[in-house]
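This report refers to the structure that appears directly beneath it.
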Amino acid sequence: PQAHVAACQSNSAPVHKITIIPRTSGALGYTMQVEDGERLLMSKEEALNKIATLTGGRAAEEFMFHSITTGASNDIEQATKLARAIITRYGMSEFGMVAMESLNNVYLGGDTSMSCSQETAAKIDDLVVALVQKQYEKAKNLLNSHMDKLHEISKFLYEHETITGEEFMEILNRPQVVAND
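This note's numbering numbers the first residue of the sequence shown as 568 and each following residue consecutively.
And the structure:
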């Protein structure tokens, strides 16, 4: 689902590989995206697309199974951190070019400190939730509008356990056969 959401958006890193084979404790599979070259900067559109992509796994759970699991917890954490950075550090929100948060100890884990009032911090929390929720809705809509391809890719993964970026894009770009009634 993450790869599907990523591929349906412009300005998203291409999908390199998807697997449903657990590789580490806590990871039940993964989607690997590789940038088209070394990137040091990310546009606001790219950052928003990344949040939508990170919410794709949870969106698929809810959409396909009408249930959610803890499987998306790392993706949710990453999406939330990126949304907060957009609002508090990158100057990409209604606050403009004002840093509301500072990143400290970058090489020792990177904790943050807020430099705003409690009222502003509460507003930031509301904006973070709204931003992630908006991208989550975008991911659900993309999955819903490409449900047939999601099923094809899921079937391929069920049979082969791993799919390359080329195989993924071939299925995604394959014309859909419409049955005549």
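Note that beta-carbon positions come from the ideal geometry of N, C-alpha and C, so glycine has one too.
Pair within 8 Å by beta-carbon distance, T622 and Q685: Mapped onto the sequence shown, residue 622 falls at position 55. Mapped onto the sequence shown, residue 685 falls at position 118. No, these two residues do not count as a Cβ contact at 8 Å.
In whole angstroms, give me the CA-to-CA distance for A574 and F632. As a working mapping, residue 574 is identified with position 7 in the sequence shown. As a working mapping, residue 632 is identified with position 65 in the sequence shown. If you take the alpha carbons of A574 and F632, they lie about 22 Å apart.
Can you say whether G663 is buried or exposed, counting buried as having 16 or more other CB atoms within 10 angstroms of its CB? For this step, residue 663 is matched to residue 96 along the sequence shown. Answer is exposed; the Cβ neighbour count stays below 16.
Out of curiosity, what's the CA-to-CA distance linking A666 and I643? As a position in the sequence shown, residue 666 is number 99, starting the count at 1. As a position in the sequence shown, residue 643 is number 76, starting the count at 1. In a straight line, the C-alpha of A666 is about 23 Å away from that of I643.
Assigned secondary structure, I691 (DSSP; H/G/I helix, E/B strand, else coil): Looking up residue 691 in the sequence shown gives position 124. I691: helix per DSSP, three-state reduction.
In angstroms, rounded to a whole number, what distance separates the CA positions of A689 and R656? For the purposes of this step, residue 689 is taken as the residue at position 122 of the sequence shown. For the purposes of this step, residue 656 is taken as the residue at position 89 of the sequence shown. Going by the C-alpha atoms only, they are around 16 Å apart.
For R567, the nearest candidate out of T687, L724, H713 (CA to CA): This structure gives no information on residue 567, because the portion of the chain shown stretches from 568 to 748.
Buried or exposed, going by whether 16 or more other CB atoms sit within 10 Å of the CB of T729? On the sequence shown, residue 729 is found 162 positions in, with the first residue counted as 1. The residue in question, T729, is exposed, as its Cβ has fewer than 16 Cβ neighbours within 10 Å.
Could you give the residue range of the alpha helix (DSSP H) that holds N672? Start at 1 with the first residue of the sequence shown, and residue 672 comes out as number 105. That residue, N672, is in no alpha helix (DSSP H); it is neither H nor E in DSSP.
Just to confirm the assignment, what range does the beta strand (DSSP E) spanning S682 have? Translated into the one-based positions of the sequence shown, residue 682 becomes position 115. Counting along the chain, S682 falls outside any beta strand (DSSP E), and DSSP gives it neither H nor E.
Under the assumption that C691 contacts I635 (Cβ atoms under 8 Å), give the Cβ distance between them as a whole number of angstroms. As a first step, residue 691 is located in the sequence shown; it is residue number 124 there, counting from the start. As a first step, residue 635 is located in the sequence shown; it is residue number 68 there, counting from the start. Sequence inspection shows Ile at residue 691; the Cys mentioned does not correspond to that position. About 25 Å; that fails the 8 Å criterion.
Counting only the same chain and skipping the five closest in sequence on each side, list residues whose C-beta sits under 6 Å from that of I720. For the purposes of this step, residue 720 is taken as the residue at position 153 of the sequence shown. Here the set comprises I738.
Below 8 Å between beta carbons: does that hold for E628 and A639? Looking up residue 628 in the sequence shown gives position 61. Looking up residue 639 in the sequence shown gives position 72. Yes. Within cutoff.
Report yes if the CB atom of A706 is closer than 8 Å to the CB atom of A652, and no otherwise. Counted from its first residue, the sequence shown places residue 706 at position 139. Counted from its first residue, the sequence shown places residue 652 at position 85. Cβ distance not < 8 Å, so A706 and A652 don't count as in contact.
If F735 sits next to A570, beta carbons under 8 Å apart, how far is it from one beta carbon to the other, in whole angstroms? The count along the sequence shown starts at 1 and reaches residue 735 at position 168. The count along the sequence shown starts at 1 and reaches residue 570 at position 3. Rounded, the Cβ-Cβ distance is 6 Å, consistent with contact.
Under the three-state DSSP convention, the category T622 falls into: On the sequence shown, residue 622 is found 55 positions in, with the first residue counted as 1. In the structure shown, T622 sits in coil (DSSP, three-state: anything other than H, G, I, E or B).
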